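Structure record follows, encoded as structure tokens.
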Amino acid sequence: MGILIEWGETNFFMVPDGGQAIIGRDLHVEVHIPGSKVSRHHAQITHEGGEWILRDLQAANGTFVDGERIATHTIVGPGTILFGGLRGVAVRFTLTGEKPEGQTAPIVGAGRLAKFADADSTHLASLARIILPPHLKIGSHVDNDIVLTEQGVNTFHAAISDNQRGGHDFANLNTTSETFINGLLAGRRRTLRQGDTVMVGQWTRRYTGQALEVVDATGGFTFEADELSFVAGEKTLVDNVSLRLGPRTLTAVVGPSGSGKSTLLSILAAKQHASSGQVLYAGRDLYSNFGELRNRIGFVPQDDLLHLKLKTREALAYAAALRFPRDSWPEDREERISEVLETLGLTERQDLAIEKLSGGQRKRTSVALELLTEPSLLFLDEPTSGLDPGLDRQVMMLLRDLANDGRTVLVVTHSVANLDVCDEVIVMAPGGRLAYQGAPHAVFQAIGAKDWAGVFGVLHHSEGKSWGSKNRTSATRVITSNPPELPNVRQQPWFYQLRVLCSRYLRVIAADRAYSAILVLLPFILAAVGFSTGNASGLGEGPPKDMLLNPQARSLLLVFILGSSFIGIAAAVQELVKEGSIFDRERSIGLNVSAYFVSKIAVLGAIVSVQTLVFISISLAGRGTPAQGAFFSSSYFEIVSAAILLSLASMTIGLLISAIVKTTDVTMPALVLVTMAQVVFSGAVPLRVSGFIDVMGFVNPGYWAMNAFGATTDLNSLAGLGSADNGLYWDSTPANFLVSVLALLVITVAAGAVTRYLLRAQIRHH
82 MGILIEWGET NFFMVPDGGQ AIIGRDLHVE VHIPGSKVSR HHAQITHEGG
132 EWILRDLQAA NGTFVDGERI ATHTIVGPGT ILFGGLRGVA VRFTLTGEKP
182 EGQTAPIVGA GRLAKFADAD STHLASLARI ILPPHLKIGS HVDNDIVLTE
232 QGVNTFHAAI SDNQRGGHDF ANLNTTSETF INGLLAGRRR TLRQGDTVMV
282 GQWTRRYTGQ ALEVVDATGG FTFEADELSF VAGEKTLVDN VSLRLGPRTL
332 TAVVGPSGSG KSTLLSILAA KQHASSGQVL YAGRDLYSNF GELRNRIGFV
382 PQDDLLHLKL KTREALAYAA ALRFPRDSWP EDREERISEV LETLGLTERQ
432 DLAIEKLSGG QRKRTSVALE LLTEPSLLFL DEPTSGLDPG LDRQVMMLLR
482 DLANDGRTVL VVTHSVANLD VCDEVIVMAP GGRLAYQGAP HAVFQAIGAK
532 DWAGVFGVLH HSEGKSWGSK NRTSATRVIT SNPPELPNVR QQPWFYQLRV
582 LCSRYLRVIA ADRAYSAILV LLPFILAAVG FSTGNASGLG EGPPKDMLLN
632 PQARSLLLVF ILGSSFIGIA AAVQELVKEG SIFDRERSIG LNVSAYFVSK
682 IAVLGAIVSV QTLVFISISL AGRGTPAQGA FFSSSYFEIV SAAILLSLAS
732 MTIGLLISAI VKTTDVTMPA LVLVTMAQVV FSGAVPLRVS GFIDVMGFVN
782 PGYWAMNAFG ATTDLNSLAG LGSADNGLYW DSTPANFLVS VLALLVITVA
832 AGAVTRYLLR AQIRHH
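Residue 82 is where the sequence shown starts when you use my numbering, and the numbers rise one by one after that.
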């Protein structure tokens, strides 16, 4: 007897008696079942000894029968088996002595018209038309009427119900879910109108009045650009470019340096707004609907967006935690990570630090980050740059496979060796003009050259030439040069993002052993300097023979200013600039700027506070301190508190520097300059022009820390300073200490506020 394999509502495949078949996601297997949870070669069905045996081919997400994962299973009667997890794709197996005549490949036809109540809820989502019942629940949980296993869908996401007017109302069941109607965020509840487009996660349907129907039945969505131009100052970088990308296609963008390739890619991915023209995805304007569409777009820039010290799977796990909905199951995230690792051939490298991967593997990891959310559009900027010809071929074949799996892929490249795997090639000419879009094999005839060297030669001498363009779309409207700011929609609550970011930051620090060792050793090295400075009296009164004076206390306080300032600035001065590209990408897919910034403050603040405590404590070990403080009873507490506040203020200044500079090369000179300025203008060092300190000091945290130290130690009296060297706030009064501490807090908050503003301004400029 044969066996009938059915999935969805329209697909079936008959395996004849004595035959066998491979089941998987690959286009070339006998039973092709699309779905991210299904492995390329997931399972094999064979007829052995009169029995049908199903073998799992070590699929990443497994094969399940009655809730149990199986390695082999004997099919003895009708039943449903889940491929890709407990909420994976349901496939029905039926033993039969019949088969459709001449059928040797999967058939996609009209299928059965099952009643809604009897339909499989997991597969209702794939129907071209869903007739609406009185109440329809949508979400990732199996208790929903429509179960969506894709990422971006909450447990109980939305519902559609009859209303008294004979229509339907749409209800958003989770305030944190990203649900859109006609490209705009859906509120708690609204009445649907005929023609409304409903989008839950990446599942999109059009409301017809009595049913939900697919928006585009071609198996994907088109992506169009109409008369795009981009002007920077007086220079035109992209000039009147129109193009169209079909679903399931791989398109390469090539051209001479300076022809606007990367700029065009940034415009198409909404990282920059065109000066004029329009970008349409599935008929919707990309810029004005970016809140809805951003998770359908993956963008891989030239620089790898990776924390190199993390292991491959760790990096993907943190990315998944930030990009997936808050209530997504950890098991679902782990399943998706396994799928992506398998798809990109990284499973055997998942426990290896990213910095130890080869160039090609590292680039595949960058692609993996974007594939986590299953984008339908994937843009890549120079993914093969710096790779040898063999790796170049591997990356291009990978992109070919990704396009075959249902994505639209656009890649900017300088390499022309493997363009034969592309569906189309876009050739850009100097001045940002479109010279050609079409099949790779026809480019030479169209440009008038014999090879690619000839093509580039023609383009270099084509200044001012008007090229024809293929697949040109008609203009529908022009976007203004000052488009509205992109919607600020988060995928998770603020505190959840903060927790994930802090966890990732701590893991990145711990994974870098050399940096961790420096963090541990730094306070002890500085403490050795502090311990050897001054005398045995420390910050306490001197011996009676010196009339209880201790002039060397000022030298020890100088070391405290130097060490605390250095600890704070050194910890933070590179933190934002070195993660600039990572921050930009994560912000574009929903990262909250404040959560990111506070995570830096929280983790670095804890580190520098502990470092400063160790530094001050060892420096004062076995030496005297004042009998009591100026404001608190403990002078030691006041000294440590003032030093920690100085470190925190210096840390925020370091973050401010890191937000201003463009490269890490500038940070080291800035570290030395700012640290020296804090020390020199603190008052700890006598200057020839003391009035200059009074002017500069008010914006210098080192100045206010020195005042706090001076008030605690009553430095004017302790050091026997004359009127020329007396500090304005060095008398031991509660007011002097309190004013100094408040000034340190104000500087810290002000520097932090400016830094946060610069981060947000950086996003707006992109």
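Even for Gly, the Cβ is constructed at its ideal location relative to N, Cα and C. It should be emphasised that the depicted structure is a prediction, and the values quoted were computed from it without experimental measurement.
Item                                                                                                                            : Value
Per DSSP, cross-strand counterpart(s) of HIS122                                                                                 : Answer by DSSP bridge pairing: none, since HIS122 is not bridged.
Length of the line joining the Cα atoms of VAL835 and GLU455                                                                    : 36 angstroms
Inter-stretch contact at 8 angstroms, needing at least 3 Cβ pairs: the region 82-94 / the region 159-178                        : yes
Any 3 or more C-beta pairs closer than 8 angstroms across the region 369-381 and the region 327-334                             : no
The region 410-417 in contact with the region 627-637 per 3-pair CB rule at 8 angstroms                                         : no
Proximity of VAL312 and ILE348 at Cβ, strictly below 8 angstroms                                                                : no
Proximity test, SER310 beta-carbon vs the ligand ADP heavy atom, cut-off 7 angstroms                                            : By its list of ligands, the structure shown contains no ligand whatsoever, and the ligand ADP lies outside what it can speak to.
Whether ALA592 touches GLY615 by CB criterion (8 angstroms)                                                                     : no
Outcome for ILE212 when other beta-carbon atoms lying within 10 angstroms are tallied against a minimum of 16                   : exposed
GLU231 (DSSP reduced to helix, strand or coil)                                                                                  : coil
Proximal residues to ALA292 (C-beta, below 8 angstroms), its chain only, five neighbours per side dropped                       : ARG210, ILE211, ILE212 and LEU213
Any 3 or more C-beta pairs closer than 8 angstroms across the region 508-522 and the region 471-490                             : no
Helix, strand or coil at HIS216 according to DSSP, with G and I counted as helix                                                : strand
Endpoints, the beta strand (DSSP E) within which ASP307 is located                                                              : 304-313
Residues of its chain near LYS342, where Cβ-Cβ distance is below 7 angstroms and the 5 sequence neighbours each way are ignored : VAL334, GLY336, VAL493 and MET509
Enclosing alpha helix (DSSP H) for ARG514 [first to last residue]                                                               : ARG514 -> not in any alpha helix (DSSP H); beta strand (DSSP E) instead, spanning 514-519.
Straight-line Cα distance separating ASP812 from SER798                                                                         : 8 angstroms
Nearest-angstrom Cα separation, counted from LEU500 out to HIS354                                                               : 28 angstroms
For LEU459 and GLU451, the rounded distance between their alpha carbons                                                         : 8 angstroms
8 angstroms CB neighbourhood of ASP107 in its chain, flanking five on each side removed                                         : HIS113, ARG121 and HIS122
Cutoff 8 angstroms; reference GLY158; Cβ partners in own chain excluding five residues on either side                           : LEU176
Distance, ALA676 Cα to PHE576 Cα                                                                                                : 7 angstroms
Paired residues, beta bridge with TRP133 - DSSP                                                                                 : HIS128 and ILE156
Proximity of VAL747 and ILE734 at Cβ, strictly below 8 angstroms                                                                : no
Classification of GLU395 by the beta-carbon crowding that lies within 10 angstroms, buried from 16 upward                       : buried
Coarse secondary structure for GLN431, derived from DSSP in three states                                                        : coil
Per DSSP, cross-strand counterpart(s) of LEU266                                                                                 : PHE261
Status (buried if at least 16 other CB within 10 Å, exposed otherwise) for PRO181                                               : Only weak support is given to the placement of PRO181: the predicted model assigns it a pLDDT of 38, under 50, and the value that follows is read from those uncertain coordinates. Classification of PRO181: exposed, given that the 10 Å Cβ count is below 16.
CB of ARG286 within 8 angstroms of CB of THR303, strictly                                                                       : no
Segment contact, 8 angstroms Cβ cut-off, at least three pairs: the region 712-724 with the region 784-793                       : yes
DSSP state of VAL497 mapped onto helix, strand, coil                                                                            : coil
Through-space distance from ARG365 to PRO564, alpha-carbon basis                                                                : Only weak support is given to the placement of PRO564: the predicted model assigns it a pLDDT of 37, under 50, and the value that follows is read from those uncertain coordinates. Rounded to the nearest angstrom, the two C-alpha atoms are 15 angstroms apart.
8 angstroms contact criterion, which ILE642 and SER763 should meet: CB distance rounded                                         : 5 angstroms
C-beta contact flag for LEU433 and ARG445 at 8 angstroms                                                                        : no
DSSP state of ARG377 mapped onto helix, strand, coil                                                                            : helix
Distance between ILE104 and TRP533 (C-alpha atoms, nearest Å)                                                                   : 42 angstroms
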